[in-house]
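What follows is a single structure, written as structure tokens, with notes after it.
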Amino acid sequence: MSTISTLQQERFSYRPKLPAVYSAHGPVVSVQEGARTTALADEAAIARSFPQTYGRPMLTFAVGQRRTVNPLRVGVILSGGQAPGGHNVIAGLFDGLKAVHPESELIGFLGGPSGLTDNKFRVLDQAIIDAFRNTGGFDLIGSGRTKLEKNEQFDKAAANCKALKIDAVVIIGGDDSNTNAGVLAEYFEAQKIPIRVIGCPKTIDGDLKNEQIEISFGFDTATKLYSELIGNIARDANSAKKYWHFIKLMGRSASHVTLECALQTHPNVALISEEVAEKKQTLRSIVTHVAGVVRDRAAQKRNFGVVLVPEGLIEFIPEIKLLIGELNDLLAVHEAAFNALTTSDDRLQFVSSKLTAGSAQVFNTLPGTIKLQLLADRDSHGQVQVSRIETEKLLLDLVNDQLREWAAEGKYPGSFSAQTHFLGYEGRCAAPSNFDADYCYSLGYTAVALVLAGKTGYMASVRQLCRPASEWVAGGVPLTMMMNIERRKGKDVPVIRKCLVDLNGKPFKTFAAARARWALETEYVYPGPIQYFGPSSVADAVTCTLGLEQG
Ligand code: FBP
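The opening position of the sequence shown corresponds to residue 2 in our numbering, with each subsequent residue numbered one higher.
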């Protein structure tokens with residue numbers, strides 16, 4: 002048996018906090034239905050795509066009467082990138098199921114959604130669940146990025162669930178996985194297959210949220226961990242006073258992670274992709290802005306600083322977005338010819354010759370390494386994998402060039418020496434903060450309550466998260482309520498809308514009001530490591546984003 006850290010050992014005995022509604026009879030609750038719901042946009046089209054499940058009401062749970070219920074058999078899938086707290090959703094499901102009936106069973110499908118279609122599973126028992134309570138990672142059952150979207154996959158899923166006598170499947174994932182959960186629920190309903198499908202909101206990126214879902218799990222822990230590291234780097238910068246640190250932060254599209262870390266640590270610069278897109282900023286203007294901050298700090302003898310760069314930035318710069326779009330199409334259409342080329346030079350030339358004049362010009366101004374990273378393997382959606390593009394190095398190089406130019410013109414007397422960092426994977430499997438441990442466990446319980454109530458096509462929801470956990474409000478949100486129509490792979494399809502940073506929202510406005518001061522002064526905040534024990538003001542603190550959003 003492998004060695005277990007002392008912290009992990011202690012955390013096994015942490016009892017996650019639950020909303021008070023579960024204190025009487027566990028997930029046996031009374032379900033209060035709200036009014037009929039509509040989709041976020043494109044209502045008619047979504048209603049047509051989901052004739053069975055569209056328009057169902059919002060659900061809120063209240064304390065119910067004790068009643069006798071039959072055992073339930075539930076399957077669970079982890080989908081997409083790791084996020085702290087996944088094991089606690091599973092523990093919440095397990096404990097919730099056992100509270101409903103001791104003979105209930107939880108079956109984990111292995112390696113993500115493909116486990117369901119390929120019938121790879123393990124029955125989860127008390128001992129295995131106890132060994133994973135309050136731990137980070139998804140290693141209990143593994144995850145994967147297979148998309149569940151074809152009828153043929155749904156039929157296989159139905160056959161496998163039928164053989165296992167499964168009553169419901171819980172899909173723990175991001176916006177795409179939950180969209181697919183909605184499609185699967187609709188398919189089962191249409192085919193009169195009595196298997197319920199329930200989603201749970203997961204992603205460190207924080208972009209699966211809306212009026213009903215206040216936060217996706219994992220965001221809290223990941224941003225606390227990144228903020229600790231950024232604070233440490235900032236303190237090093239302020240001690241040594243000789244380096245600029247360019248730090249790229251994970252977040253495939255939205256900049257919630259960067260914004261949250263900026264609010265926690267007060268860096269000199271934090272770029273927000275959504276603002277770059279809104280202001281139609283060019284790469285040149287971003288570089289001039291960052292170099293300007295370096296120059297202005299140098300004028301005060303502060304030749305050090307911290308710059309936060311969101312992972313998805315490059316796709317929000319209008320001219321590069323256009324270029325990436327063309328590259329995605331081009332690599333899809335000419336895949337075989339492109340793959341037949343063996344040298345990097347041939348590949349670069351091949352691509353340049355096929356781009357429009359504007360995009361070819363943008364492509365050719367980029368450093369060779371970035372060009373090749375833009376041509377690297379696409380993900381399962383045919384998109385460039387932004388976590389592999391070294392945007393932080395690109396910016397550093399271009400800022401360096403700009404400063405040299407200014408130095409030659411006598412406009413910059415400072416010295417510029419810089420380091421780059423990428424904070425991403427180190428945050429995805431961290432031991433969940435108390436908030437994520439409690440929230441995830443509550444989501445698991447809530448999913449059981451939804452299954453018990455016979456609901457399908459719902460996302461488990463736990464709200465009022467800035468209050469003590471006992472006051473959290475549990476219920477369900479119809480998946481179709483979060484959908485709109487978007488163009489994907491040349492087709493209009495219903496999808497759960499990804500939530501980008503709201504430039505009119507309080508978190509961004511709070512940052513925008515302070516950033517000019519943070520740029521020139523040195524006002525770093527050092528949040529320190531996540532606290533699992535100690536005063537609730539520290540150990541149960543929520544993110545700045547959630548605090549500001551909830552007032
Ligand atoms: P999810 O949306 O599946 O939660 O994953 C998000 C993420 O962590 C992004 O921040 C990052 O770009 C991506 O996963 C990296 O994916 P991979 O694990 O495939 O390298």
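Think of the CB as a built atom: it goes at the ideal place given N, C-alpha and C, for glycine as much as any other residue. These figures come from a predicted structure and were not determined experimentally.
**OP:** Specify the secondary structure class of R123 as computed by DSSP and reduced to three states.
**Re:** DSSP places R123 in strand when its eight states are reduced to three.
Original post:
Does DSSP classify I248 as helix, strand or coil?
Top reply: The answer is strand: DSSP assigns I248 an E or B state.
**OP:** Tell me whether D221 sits in a helix, a strand or coil according to DSSP, three-state version.
**Re:** Here D221 sits in helix by DSSP.
Subject >> Exposure label - T343; buried when at least 16 CB within 10 Å >> reply: Under a 10 Å Cβ-count criterion, T343 is classified as exposed, with fewer than 16 other Cβ atoms of the shown protein chains found around its own Cβ.
Original post:
Less than 9 Å separating the beta-carbons of A450 and V32?
Top reply: Yes, Cβ-Cβ distance for A450 and V32 is below 9 Å.
Original post:
So, do the segment 451 to 464 and the segment 185 to 200 have three or more beta carbon pairs nearer to each other than 8 Å?
Top reply: Yes, since at least three Cβ pairs between the segment 451 to 464 and the segment 185 to 200 fall closer than 8 Å, the two stretches touch.
Original post:
By Cβ distance, which residues of its chain are closer than 7 Å to A263, with the 5 residues on each side in sequence left out?
Top reply: Same-chain partners within the cutoff: A271, L309 and F512.
**OP:** Please go through the segment 468 to 519 and give each complete beta strand (DSSP E) segment of 3 or more residues, from N-terminal end onward.
**Re:** Scanning the segment 468 to 519 for uninterrupted beta strand (DSSP E) segments of 3 residues or longer gives 474 to 479, 484 to 489 and 492 to 497, listed from N- to C-terminal end.
**OP:** Can you give me the start and stop residues for the beta strand (DSSP E) that R298 sits inside?
**Re:** Where R298 is concerned, there is no enclosing beta strand (DSSP E), although the alpha helix (DSSP H) it sits in stretches over L284 to A300.
**OP:** With a cut-off of 8 Å on the beta carbons, I'd call S434 and W473 a contact; round off their distance for me.
**Re:** Between S434 and W473, the beta carbon gap of about 16 Å keeps them out of contact (Cβ cut-off 8 Å).
Original post:
Going by DSSP, what residues sit across from M59 in a beta bridge?
Top reply: M59 is not bridged to any residue.
Original post:
Measuring CB to CB, does M251 end up less than 9 Å from E212?
Top reply: Not a contact, by the Cβ cut-off of 9 Å.
**OP:** Counting only the same chain and skipping the five closest in sequence on each side, list residues whose C-beta sits under 6 Å from that of K157.
**Re:** Within the same chain, K157 has close Cβ partners T118.
Subject >> Distance, T54 Cα to W491 Cα >> reply: The sequence given here places Gly at residue 491; Trp does not occur at that position. So the alpha carbons of these two residues sit roughly 26 Å apart.
**OP:** Rounded to whole angstroms, what's the CA-CA distance from F364 to L324? Just pull it up for me.
**Re:** F364 and L324 have their C-alpha atoms some 7 Å from each other.
Subject >> Assigned secondary structure, I199 (DSSP; H/G/I helix, E/B strand, else coil) >> reply: Residue state, collapsed to three classes: strand.
**OP:** Mind checking which residues open and close the beta strand (DSSP E) that includes R74?
**Re:** R74 -> beta strand (DSSP E) spans R74 to S80.
Original post:
In whole angstroms, what is the alpha-carbon distance linking S3 and D208?
Top reply: Each residue's alpha carbon lies about 36 Å from the other.
Subject >> Cut-off 7 Å between Cβ atoms - residues of its own chain near K243, not counting five sequence neighbours on either side >> reply: Counting only Cβ-Cβ distances below 7 Å, and skipping sequence neighbours, we find N304, F305 and S418.
**OP:** Assign L8 to buried or exposed, taking buried as 16 or more other Cβ atoms, counted over all protein chains shown, within 10 Å of its Cβ.
**Re:** L8 counts as exposed, since fewer than 16 other beta carbons sit within 10 angstroms of its beta carbon.
Original post:
So does the segment 404 to 413 actually touch the segment 371 to 380, counting three or more Cβ pairs closer than 8 Å?
Top reply: Contact fails between the segment 404 to 413 and the segment 371 to 380, because fewer than three Cβ pairs, one in each stretch, are under 8 Å apart.
Subject >> Identity of the residues DSSP links to Q33 by a beta bridge >> reply: Q33 pairs with T61.
Original post:
From which residue to which residue does the beta strand (DSSP E) around S462 run?
Top reply: Y459 to R464 is the extent of the beta strand (DSSP E) around S462.
**OP:** Helix, strand or coil for F423, going by three-state DSSP, please let me know.
**Re:** Looking at F423 - three-state DSSP - the assignment turns out to be strand.
Original post:
Leaving out the 5 sequence neighbours to the left and right, which residues in its chain are closer than 7 Å to R67 when beta-carbon positions are compared?
Top reply: Correct list, in chain order: H26 and V29.
**OP:** Could you check if I214 is buried or exposed, using at least 16 other CB atoms within 10 Å of its CB as the buried criterion?
**Re:** Its Cβ being crowded by 16 or more others within 10 Å, I214 is buried.
**OP:** Determine, using beta carbons only, whether T259 and G82 come nearer to each other than 9 Å.
**Re:** No, the Cβ-Cβ distance between T259 and G82 is not below 9 Å.
**OP:** Grab me the residues of E277's own chain with a C-beta within less than 7 Å of its C-beta, minus the 5 sequence neighbours each way, in chain order.
**Re:** Strictly speaking, residue 277 in this sequence is Val, with Glu absent from that position. Within the same chain, V277 has close Cβ partners I287, L314, F317 and I318.
**OP:** Identify whether A448 lies in helix, strand or coil by the three-state DSSP scheme.
**Re:** The answer is helix: DSSP assigns A448 an H, G or I state.
**OP:** Ignore the nearest five residues each way along the sequence and tell me which others in G113's own chain have a CB closer than 7 Å to its CB.
**Re:** Within the same chain, G113 has close Cβ partners I78, L79, S80, G143, S144, G145, R146 and T147.
Subject >> Contact check, T523 vs N340, beta carbons under 9 Å >> reply: The Cβ atoms of T523 and N340 do not sit closer than 9 Å to each other.
**OP:** Please confirm whether any heavy atom of the ligand FBP lies closer than 8 Å to the CB of G425.
**Re:** Yes.
Original post:
Any heavy atom of the ligand FBP closer than 8 Å to the Cβ of G137?
Top reply: No, the ligand FBP has no heavy atom inside 8 Å of this Cβ.
Subject >> Under the three-state DSSP convention, the category D184 falls into >> reply: Per the sequence shown, residue 184 should be read as Val rather than Asp. When DSSP states are grouped into helix, strand and coil, V184 belongs to the helix group.
Original post:
How would you label K394, buried or exposed, when you count the other beta carbons within 10 angstroms and need 16 or more for buried?
Top reply: Looking at its Cβ environment, which holds 16 or more other Cβ atoms inside 10 Å, K394 is buried.
**OP:** With DSSP as the reference, label R554 as helix, strand or coil.
**Re:** Because the chain spans 2 through 552 in this model, residue 554 falls outside it and cannot be assessed.
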